[in-house]
Each structure stands twice: as structure tokens, then as C-alpha cells.
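Just so we're aligned, residue 345 is where the sequence shown starts under the numbering used here, counting upward by one. Note that CB positions come from ideal geometry on N, CA and C, so glycine has one too. All figures in this text were calculated on a predicted structure; none of them were measured in a lab.
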Amino acid sequence: MPAKRQIAEARGRQAERRAALWLRLKGCSVLAARVKLPGGEIDLIARKGRLIAFVEVKARARRDDALGAVSVQSWHRIARAAEVWMGHRPKFAGYGWRYDLIALAPGSLPYHLKDAWRPGLA
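In C-alpha cells, the structure reads:
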């Protein structure tokens with residue numbers, strides 16, 4: 345793997361660890377991280393009560409850049425992966441679920457945008 349790619353991977357893993365810690369501090373259980381499934385990859389899967397959140401994590405120099413870093417195509421891939429994940433976990437059949445984004449930028453707390461995207465609206 346090229347050095348630039350390794351650095352990007354390491355930064356991504358660090359951002360995901362920070363986001364997972366933030367979710368735990370907010371009372372969520374992190375069920376899985378870096379989940380690769382047919383159709384897509386999910387950075388974090390978290391649960392709070394009877395709600396499952398499929399969380400995309402983005403770290404950029406500025407928070408606004410992180411908030412705008414997920415394309416509609418990426419959300420569709422995440423949604424496909426989430427459907428596969430939920431389909432294999434009947435114990436969560438009665439739970440609600442949503443797609444969240446955690447934006448990270450140096451010198452600021454993580455910004456958790458709940459319900460960041462909904463299938464069919466974009």
C-alpha cells in the first residue's frame with residue numbers, strides 16, 4: 345500500500361476511534377466498527393435504546409468540509425450495507441434506524457449530525 349494511502353487509513357481509524365468514544369460518552373453502545381458488507385462499508389454502528397445508528401465519520405481541517413464530504417452515492421452504499429446488516433440481525437427487527445454523520449476537525453469537539461440522510465429524499 346502506498347505511504348499516502350497508509351497515512352489516510354491511519355487517520356481514518358483514529359477519527360473512527362474518536363467518534364466511537366464520543367458516542368459512548370453520549371450513552372450509545374458501539375456495536376461494530378469498519379463493517380464491510382456487500383454493497384458498502386459502514387464506519388460505525390451504534391445503538392441507544394431501541395434505535396440503531398449507521399454512522400459515517402469524516403475528519404477534515406474544517407468541520408464544514410467534513411459535513412459536506414459524504415456524497416449521495418456514498419449514502420446509498422451505506423444504506424445498502426445497513427439493509428444487509430439489519431437483515432442478518434433479527435433481534436433488532438423492531439428497532440428504528442437512521443443514518444448519522446460525525447464530523448471531526450482539529451481543535452473542536454465532534455459534531456454529531458443525527459438523521460443526516462434519508463433514503464428517497466436525495
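* Asked: Which residues in the same chain have their Cβ closer than 8 Å to the Cβ of P450, if we skip the five residues on either side of it in sequence?
  -> Close CB contacts of P450 within its chain, under the 8 Å cut and outside five residues either way in sequence, are with A405 (chain order).
* Under 8 Å between the Cβ atoms of A377 and A364? -> A364 is positioned such that its CB atom lies closer than 8 Å to that of A377.
* How about V399 and D444: do their beta carbons lie closer than 8 Å? -> The answer is yes: Cβ separation under 8 Å.
* When the distance is taken between beta carbons, is I446 closer than 8 Å to H432? -> No, Cβ-Cβ distance for H432 and I446 is not below 8 Å.
* Are the segment 418–426 and the segment 385–403 in contact at 8 Å, needing three or more beta carbon pairs? -> Short answer: they touch.
* Thinking C-beta only, is G356 closer than 8 Å to R394? -> Result no, Cβ atoms of R394 and G356 do not sit closer than 8 Å.
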